[in-house]
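Step one of this worksheet: look at the structure below.
Protein chains: 2
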Amino acid sequence: MNARNQTKVPEPSLKRLPLYLHLLKKAAKSGVLSISAPLIAKELELDPTQVVKDLSFTGASGRPRIGYRIDELILVIERFLGFDHASEAILLGAGHLGTALMSYPDFEQYGLKIVAAFDSDSSKLGRTSSGINVIHIKKLREIIQRLGVEIAVLTNPGQVAQEISEQLVSCGIRAIWNLTPVKLKLPREVVVQDTSMYANVALLLNKLKHST
Amino acid sequence: MNARNQTKVPEPSLKRLPLYLHLLKKAAKSGVLSISAPLIAKELELDPTQVVKDLSFTGASGRPRIGYRIDELILVIERFLGFDHASEAILLGAGHLGTALMSYPDFEQYGLKIVAAFDSDSSKLGRTSSGINVIHIKKLREIIQRLGVEIAVLTNPGQVAQEISEQLVSCGIRAIWNLTPVKLKLPREVVVQDTSMYANVALLLNKLKHST
DNA sequence: TAGATTGTTAATCGATTAACAATC
DNA sequence: TAGATTGTTAATCGATTAACAATC
Chain A
0 MNARNQTKVP EPSLKRLPLY LHLLKKAAKS GVLSISAPLI AKELELDPTQ
50 VVKDLSFTGA SGRPRIGYRI DELILVIERF LGFDHASEAI LLGAGHLGTA
100 LMSYPDFEQY GLKIVAAFDS DSSKLGRTSS GINVIHIKKL REIIQRLGVE
150 IAVLTNPGQV AQEISEQLVS CGIRAIWNLT PVKLKLPREV VVQDTSMYAN
200 VALLLNKLKH ST
Chain B
0 MNARNQTKVP EPSLKRLPLY LHLLKKAAKS GVLSISAPLI AKELELDPTQ
50 VVKDLSFTGA SGRPRIGYRI DELILVIERF LGFDHASEAI LLGAGHLGTA
100 LMSYPDFEQY GLKIVAAFDS DSSKLGRTSS GINVIHIKKL REIIQRLGVE
150 IAVLTNPGQV AQEISEQLVS CGIRAIWNLT PVKLKLPREV VVQDTSMYAN
200 VALLLNKLKH ST
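Residue numbers (numbering that gives the first Met the number 0), protein chains in the order written: chain A, 0 to 211; chain B, 0 to 211.
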């Protein structure tokens, strides 16, 4: 299948592709030239045919008996996921989580480049160790419009998430990665990706309970 | 269905239950006494029958035309998810992400209580603002055994994740919440919950691409 | 009572897994 | 060539959605 083909890719596949990418980059660094789907599957404890299928969504092509050329596969996956050019994003809330995301060394390799952060707390303003400027939120509109950014990352307190997100949309933001536990009510055309830490705790505890 | 019933609950349901819990707690605070599945569904943009089904897994029971008693529903979900008594956990890596998790105000409400943190960087040792002690990793075994903790949260750099996780297992840790992008290779009986930030970026960018 | 909602069973939908031909 | 792997189509499995009886 070709990547241009707009048949939508299953969400689970989209989540697995970055895992492949991480593995492939490590393998590439160690000097390996080719890798097979069964080998990827073994490393990540997945089904081999599932890996083949996931890869086929990206338009990658391999050779029977040999596998896929690693450098080529990396490029194809990156392009497919939109990781080939990091999209610019702003971050809201320069607390611990926000600072953590700002200092993630290789977010840029995974599609996102945080170009500015905002906070209402004046003591947090200024340039961070990771070189990103933390700006007072009153300058939000001005900066968004100047930078022409379309993506925002929400790491602010949940209580202000709805209000801030509405402001963001009115300033032209089209996609929001929401790391607060609040369900945002926004126009349908705004893309929202919710990430809940709590959901993962629930899964962990459930697995632990059943493992005994 | 009764909660004692060991039929395993679908993973998507387990992930949704904490969302319900968050909504219910907010509603409870505002003084509402009852809530119906269709209302929960509307608030969270889900299918009403899906909410009914998810709730039935927990053993909750409601009344036709009225819905569920909120305080009762909260207790039932908390008990079902194991959120009624926060499980003690240690945290590895007191960097930004680790500090973020340590200062999450209501993690305890969502099942996890971080009782100590470890780092190899002496400059990070001591008590954090959230009151959790950051201890040098050389004392790992001693402290784990003294506290009898079974859960660990990995927020350390990926390069040391495999090594540290093996050490943890040898000290008696039985469940690991892995926030590094590394796939851990551990004995089958160890419970591992992987959380990848990158997967969420992939989903966000994909939705954005298809929304235009 | 009438009608909305619960709770369960059945139908549908979609992802995973299996099967298998093509191929290097 | 023989055999492992790709790549695609079919079968299976599991979650979501629909249908509907019970009930407050």
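Here a beta-carbon is modelled for each residue, glycine too, at the ideal position from N, C-alpha and C.
The structure displayed is predicted, hence computed values, not measured ones.
*Residue from LEU202/A, GLY130/A, HIS95/A whose Cα sits closest to the Cα of THR179/A*: Measuring from the Cα of THR179/A, the nearest candidate turns out to be HIS95/A.
Please decide whether ARG78/B counts as near chain A, where near means a Cβ-Cβ distance under 8 Å.
-> Not an interface residue.
**Prompt:** What residues are listed by DSSP as bridge partners for ASN132/A?
**Reply:** ARG126/A
| Cα-Cα separation, ASP83/A to PRO104/A | Here the alpha carbons of PRO104/A and ASP83/A stand approximately 16 Å from one another.
query = Of all the CB atoms in chain B, is at least one closer than 8 Å to the CB of GLY110/A?
reply = At least one chain B Cβ lies under 8 Å of GLY110/A.
- request: Give the residues of chain B in contact with GLN192/A, contact being defined as C-beta atoms less than 7 Å apart.
  value: ASN199, LEU202, LEU203, LYS206
- Message: Can you find the residues in the same chain that come closer than 6 Å, C-beta to C-beta, to ARG78/B, ignoring five residues on each side of it along the sequence?
- Response: none
message: Measuring only the C-alpha atoms, how far is ILE131/A from ILE163/B?
response: 31 Å
Give a yes or no on whether the minimum CB-CB distance between SER55/A and chain B is below 8 Å. Between SER55/A and chain B, the shortest Cβ-Cβ separation is not below 8 Å.
request  = Rounded to whole angstroms, what's the CA-CA distance from VAL152/B to VAL181/B? Just pull it up for me.
outcome  = About 14 Å.
Boundaries of the beta strand (DSSP E) in which PHE82/A is found, first to last residue: Premise fails: PHE82/A is in no beta strand (DSSP E) and is neither H nor E.
Could you tell me which whole beta strand (DSSP E) segments of length 3 or greater appear in the segment 23 to 65 of chain A?
none
Assign THR98/A to buried or exposed, taking buried as 16 or more other Cβ atoms, counted over all protein chains shown, within 10 Å of its Cβ. buried
Kindly indicate which three-state DSSP category ILE142/B falls into: helix, strand or coil?
helix
Run through DSSP, which three-state label would ALA93/B get?
coil
Task: Backbone secondary structure at ARG68/B - three-state DSSP - done: strand
Q.
So if DSSP puts PHE106/A in a beta bridge, which residue, or which two residues, is it bridged to?
A. In the DSSP output, where bridge partners are listed per residue, PHE106/A has none listed.
Reference PRO186/B; option with closest CA among VAL50/B, SER12/B, ARG173/B
ARG173/B
**chain B contacts from the segment 158 to 175 of chain A (Cβ-Cβ distance under 9 Å)** = ARG173, ALA174, ILE175
Check your understanding: In three-state DSSP terms, what is ASN155/A?
Key -> coil
Requested in this report: Using a Cβ cut-off of 8 Å (strictly closer), state whether GLY81/A contacts chain B.
Outcome: yes
inquiry  = I want to verify the contact list: residues of chain A whose CB lies under 9 Å from the CB of LEU18/B, in sequence order.
reply    = PRO180, LYS182, ASP193, SER195, TYR197, ALA198
Practice task
Give the secondary structure of VAL181/A by DSSP, where H, G and I count as helix, E and B as strand, and everything else as coil.
Solution key: coil
Query raised in the report: If you compare alpha carbons, which of LYS41/B, LEU54/B, SER29/B is closest to PRO212/B?
Result: Here chain B covers residues 0 to 211 and nothing more, so residue 212/B does not appear.
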